[in-house]
Amino acid sequence: MLKPAEFANVFAARRVLRGSQFALHYRDSDLPVARLGLVIPKKQAHTAVLRNAIKRQAREIFRLRLASLPARDVVLRLTRLVETQDKPAWRTEITQLLERLVQT
């Protein structure tokens, strides 16, 4: 997802799964596949290197699980301050959120 209106529609649906560092907002979609949007604010991840690392991890996990995901628009939002690269923790939490999405 790229357009601000698409993000707004997902946030307006008010359906969210929360983890310790991320929130996964979602809504049903008319498209045959799931789509991903990312919100990684500078306030939560101060450096571009850190924000890009989080985005890369999220996109890769989403790509690997795309076939098992329902047709929904999904926005992954960073909710807590991140100061160091902890890729295993990010991967674990994002994976758990996507698994919970499949169950809903």
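Each residue of the sequence shown is one higher than the one before, starting from 83 at the first, in this note's numbering.
Cβ atoms here follow ideal geometry from the backbone N, Cα and C, with glycine treated the same way.
Predicted model only: the values in this text are computed from it and were never measured.
Whole-number beta carbon distance between Glu181 and Gly101, since they are thought to touch under 8 Å | Numbered from its first residue, the sequence shown carries residue 101 at position 19. Numbered from its first residue, the sequence shown carries residue 181 at position 99. Going by Cβ atoms, the distance from Gly101 to Glu181 rounds to 11 Å, so no, they are not a contact pair.
Is DSSP giving His106 helix, strand or coil here?
-> Translated into the one-based positions of the sequence shown, residue 106 becomes position 24. The amino acid at residue 106 is misidentified as His; the sequence shows Leu. Residue state, collapsed to three classes: strand.
Taking only the alpha-carbon atoms, compute the straight-line gap between Arg141 and Leu118 and give it to the nearest angstrom.
-> Mapped onto the sequence shown, residue 141 falls at position 59. Mapped onto the sequence shown, residue 118 falls at position 36. Pairing Arg141 with Leu118, the inter-Cα distance amounts to about 8 Å.
Is Val131 helix, strand or coil by DSSP?
-> Locating residue 131 in the sequence shown gives position 49, counting from the first residue. Val131: helix per DSSP, three-state reduction.
Figure out for me which residue from Ile136, Ala90, Ala116, Pro86 has the closest Cα to the Cα of Ala149.
-> As a position in the sequence shown, residue 149 is number 67, starting the count at 1. Of the listed residues, the one whose Cα sits closest to Ala149 is Ala116.
Decide if the region 91-98 is in contact with the region 149-160; the criterion is three or more beta carbon pairs, one per stretch, under 8 Å apart.
-> They touch, by the three-pair rule.
Taking Glu165 as the reference, give the member of Arg147, Ala105, Leu158, Val131 with the closest Cα.
-> To locate residue 165, count along the sequence shown from 1; it is residue 83. The shortest Cα separation from Glu165 among Arg147, Ala105, Leu158, Val131 belongs to Val131.
In DSSP terms, what Asp168 is bridged to | Numbered from its first residue, the sequence shown carries residue 168 at position 86. Bridge pairing for Asp168: absent [DSSP].
Drop a sphere of 10 angstroms on the beta-carbon of Arg159, count the other beta-carbons inside from all chains shown, and report buried for 16 or more, exposed for fewer.
-> As a first step, residue 159 is located in the sequence shown; it is residue number 77 there, counting from the start. By the neighbour-count criterion, in which 16 or more other beta carbons inside 10 Å mark a residue as buried, Arg159 falls on the buried side.
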